[in-house]
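First the structure, in the form of structure tokens, and then the observations on it.
There are 2 protein chains.
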Amino acid sequence: MKKATKSKRVLIFDEEGLKLLAKHLKKVRMAKGYSQEELAYESGMTLSQIARIETVKINPTVSTIFKLARTLQVPVSDLFDFKLPKEN
Amino acid sequence: MKKATKSKRVLIFDEEGLKLLAKHLKKVRMAKGYSQEELAYESGMTLSQIARIETVKINPTVSTIFKLARTLQVPVSDLFDFKLPKEN
DNA sequence: GTAAATTATAGCACATGTGCTATAATAATT
DNA sequence: AATTATTATAGCACATGTGCTATAATTTAC
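These protein sequence lines map, in sequence, to chains A and B.
Per my numbering, residue 30 is the first one in the first sequence, and the count goes up by one each step.
Per my numbering, residue 30 is the first one in the second sequence, and the count goes up by one each step.
Below, the structure is given as structure tokens:
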């Protein structure tokens, strides 16, 4: 992905944020008693994608997160219940 | 995008959710006194992308939303402060 | 009403999200 | 230790997110 022409640093892949999201997702998933496979199946997604999200391999779309929140029956905001660390 | 082989309906593009997100983003943006152009510039993004998000033309990635939240200096969860409608 | 500011749209290139399928690795159970 | 369950990874095809650039449309300011 191209660097912006402006001097502003571009965060393409917000690793810290994605780690926090992954952590929260896993916590909620386990609290609700779902395996990755079950969550995938119930969400109409693949097991691969759940694993990719939870291991911070990809940058999921918002609709993907909506799907997970629906299956887990939690407010979307619960999956983002963290403070983003300051960027360097 | 292919239909899942399971009978589960697949939400590829969660239009209702994205509309709610767009609405919240716009509200926060205006409350903070940013034009789309300024928000784009400060976030290291393009004006096009802000417009696409706010008009529900695309399905943004989570990192994109993180970028916006950082610039707007709000918790990410504030941008998701809504209930997803029931899926049909 | 005109000019300026803001927002929306379009087309292109390119990177990557996602499903599918399969396999490997790890953890839990027996 | 062996078996089963769960998680992680890999490669491929294809759709699409995102930046860039430009233009059009709409809104706001004067």
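Note that beta-carbon positions come from the ideal geometry of N, C-alpha and C, so glycine has one too.
CB contact flag (residue i, residue j, <8 Å)
i: V91/B; j: L50/A; result: yes
i: L97/A; j: L76/A; result: no
i: P85/A; j: E44/A; result: According to the sequence as given, residue 85/A is Val; it is not Pro. For V85/A and E44/A, yes; Cβs fall inside 8 Å.
i: E83/B; j: K55/B; result: yes
Cβ distance (whole Å) where residue i is taken to contact residue j below 8 Å
i: L108/A; j: R58/A; result: So it is not a contact: roughly 10 Å between Cβ atoms.
i: S64/A; j: D110/B; result: That belief does not hold up - the Cβ atoms of S64/A and D110/B are roughly 30 Å apart, past 8 Å.
i: G46/B; j: F95/A; result: 4 Å
i: L113/B; j: R81/A; result: Between R81/A and L113/B the Cβ distance is about 22 Å, and since that is not below 8 Å, they are no contact.
Residues from the segment 84-113 of chain A in contact with chain B, defined by Cβ distance under 7 Å: N88, P89, T90, V91, S92, I94, F95, K96, A98, R99, P104, V105, S106, F109, D110, K112 and L113
Interfacial residues, the segment 39-53 of chain B to chain A, with Cβ spacing under 8 Å: V39, L40, I41, F42, D43, G46, L47 and L50
Whole runs of the alpha helix (DSSP H) within the segment 43-98 of chain A, excluding any shorter than 4 residues: 44-60, 65-72 and 76-83
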